[in-house]
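Residue numbers (this note's numbering): 234 to 456.
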């Protein structure tokens with residue numbers, strides 16, 4: 234049994250500032266307490282990992298799966314958040330009687346992958362792949378570790394639910410309205426990224442199993 238864990242780094246104002254810089258959509262959250270806790274969640278997750286900032290995380294759906302040809306995890310987080318906002322805004326504009334919590338949608342979009350620093354951490358990956366019989370591979374997927382982060386920093390239940398339910402763990406739950414929006418935005422983002430040719434060759438089989446055929450990028454026209 235492994236008891237020794239990597240010591241956490243201090244959560245500093247400098248670390249918090251990198252989160253704000255990498256995820257500028259945080260400023261769109263109207264509730265100040267929720268806005269600060271989104272920053273704190275990412276600062277906490279990074280401090281528990283080997284990654285210095287959100288933009289250091291590789292642009293992958295899961296480790297080694299749906300790997301982008303370029304960019305960082307911040308591109309995905311920001312893109313999903315903007316797609317989710319567009320869905321919420323469309324329904325609230327067309328049907329003003331709908332009751333969608335826009336702050337929860339934005340916060341959920343920004344932290345839905347807050348568990349990835351744990352699952353993607355190279356030290357953890359080496360440990361898990363070295364002997365999966367000990368703690369599994371991975372020991373916890375990012376949606377599950379993400380709820381630990383959410384509870385640790387005091388994010389509201391509505392946002393914590395989105396973190397767990399954005400992936401297939403949510404198939405065992407009744408998803409909230411805001412969780413449905415973020416879940417669909419996340420799935421759509423990866424599907425369009427794949428169909429647009431933005432994922433590398435390692436994703437071909439997964440895309441084919443989902444009936445997605447990648448289109449060549451403009452800068453690959455002659456290849």
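In this text, a Cβ means the ideal position worked out from N, Cα and C, and glycines have one as well.
TODO: Grab me the residues of residue 199's own chain with a C-beta within less than 7 Å of its C-beta, minus the 5 sequence neighbours each way, in chain order.
DONE: Residue 199 cannot be examined here, being either before or after the span of the chain that is shown, 234 to 456.
- [ ] Can you tell me which of 322, 296, 353, 281 puts its alpha carbon nearest to the alpha carbon of residue 415?
- [x] In the chain shown, the residue the question calls residue 415 occupies position 182. When only C-alpha atoms are compared, the closest one is 322.
TODO: Starting from residue 448, follow the alpha helix (DSSP H) in both directions and report where the run begins and ends.
DONE: As a working note, residue 448 is residue 215 in the chain shown. Note, residue 448: premise wrong, no alpha helix (DSSP H); not H, not E.
Open item on the list: Between the region 432-450 and the region 304-321, can you find at least three pairs of beta-carbon atoms closer than 8 Å?
Closed with: no
Task: For residue 299, the first and last residue of its enclosing beta strand (DSSP E) - done: To locate residue 299, count along the chain shown from 1; it is residue 66. From DSSP, the beta strand (DSSP E) with residue 299 extends over 298-300.
Task: Residue of 451, 450, 453, 436 minimising C-alpha distance to residue 297 - done: In the chain shown, residue 297 corresponds to position 64, counting from 1. Ranking 451, 450, 453, 436 by Cα distance to residue 297 puts 436 first.
TODO: Mind checking who residue 293 pairs with in its DSSP beta bridge?
DONE: In the chain shown, the residue the question calls residue 293 occupies position 60. According to DSSP, which records beta bridges pairwise, residue 293 is partnered with 300.
Open item on the list: Taking 7 Å as the limit between beta carbons, can you name the residues of its chain near residue 263, skipping five residues before and five after?
Closed with: Taking the chain shown and counting its residues from 1, the one referred to as residue 263 is at position 30. Counting only Cβ-Cβ distances below 7 Å, and skipping sequence neighbours, we find 336.
Task: Start and end residues, alpha helix (DSSP H) containing residue 387 - done: For the purposes of this step, residue 387 is taken as the residue at position 154 of the chain shown. First-last for residue 387: undefined, no H or E at that position.
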